[in-house]
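**Q** One structure, as structure tokens, below. Some questions next.
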Amino acid sequence: MRQAFVVAVVLALALLQAQQSAAQSTSNVKLIPLNTFYSLWKASQTVNATRAQNITFLDVRPKTLYQLSHVPDARNVPSQDAKKVAAQFASRKRGVDPTKDVACYCTMSSTAVSACNEFAKLKAYAKVKVYALNASFSDWVVAKYPTEKSGKIGH
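Counted the way mature numbering (1 follows the signal peptide of the UniProt record, and there is no 0) counts, the sequence shown spans residues -23 to -1, 1 to 132.
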């Protein structure tokens, strides 16, 4: 009886791991390092940008952290709201246009990936690139990249 239980647990864990691997391999979210994320942001700030302006930066941290400091021009979409906001793309109420690439960041890259996945899995976002910062907002600050306070609260 005990051996059957152990086998069942091992099989259940193997199935869970296989499901997680499959979900990760089908994800269209590309993890990018801090310097690449900064380069995307910097390009989006240039007056002559064409494709680069076609990106929305999402701060998926809680609103209170966003208000204290965030990447300039980033929109706040707390991670727990990402699914709802992604589904409301047609209204573009939160500034997340499905014709623009999406780049997410958070205090942990796993949270940024999770939030970005909510956009990447929708057909409406199938033609755009979805990026997640493979670092944290703290790393952005330590690198002395630009930040701003408040500003676009509620966007």
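Positions of the beta carbon are idealized from the N, C-alpha and C atoms, including for glycine.
1. For F96, which residues of its own chain have a beta-carbon under 6 Å away from its beta-carbon, when the five flanking residues on both sides are left out?
2. Are the Cβ atoms of L8 and A109 separated by less than 8 Å?
3. Please report whether the beta-carbon of A89 lies at a distance below 8 Å from any beta-carbon of chain E.
4. Under the DSSP definition of a beta bridge, which residues are partnered with V6?
5. Assuming Y82 and D36 are in contact, meaning their beta carbons sit under 8 Å apart, how far apart are those beta carbons, in whole angstroms?
6. Which residues bound the alpha helix (DSSP H) around T88?
7. Between which two residues does the beta strand (DSSP E) holding Y102 run?
8. Distance, Cα to Cα, R52 vs M85?
9. Rounded to whole angstroms, what is the Cα-Cα separation between V118 and K98?
10. Can you tell me whether DSSP reads N12 as helix, strand or coil?
11. Can you give me the C-alpha to C-alpha distance between S21 and E125, rounded to a whole angstrom?
12. Can you tell which of V105, S113, T76 has the C-alpha that lies nearest to the C-alpha of A89?
**A** The structure says:
1. Cβ-Cβ distances below 6 Å link F96 to A63, V79, Y102, V107 in the same chain, with the five nearest sequence neighbours on each side left out; the list follows chain order.
2. Here L8 is near A109, since their CB atoms are less than 8 Å apart.
3. Looking for chain E here will not work: only one protein chain is present.
4. DSSP output for V6 lists V107 as bridge partner(s).
5. Taking C-beta atoms under 8 Å as the contact rule, Y82 and D36 qualify, at a distance of about 6 Å.
6. Its alpha helix (DSSP H) spans residues 86 to 97.
7. Premise fails: Y102 is in no beta strand (DSSP E) and is neither H nor E.
8. R52 and M85 have their C-alpha atoms roughly 17 Å apart.
9. Taking the straight line joining both Cα atoms gives about 30 Å.
10. When DSSP states are grouped into helix, strand and coil, N12 belongs to the helix group.
11. Each residue's CA atom was taken as its position, placing S21 and E125 some 16 Å apart.
12. Among V105, S113, T76, the Cα nearest to that of A89 is on S113.
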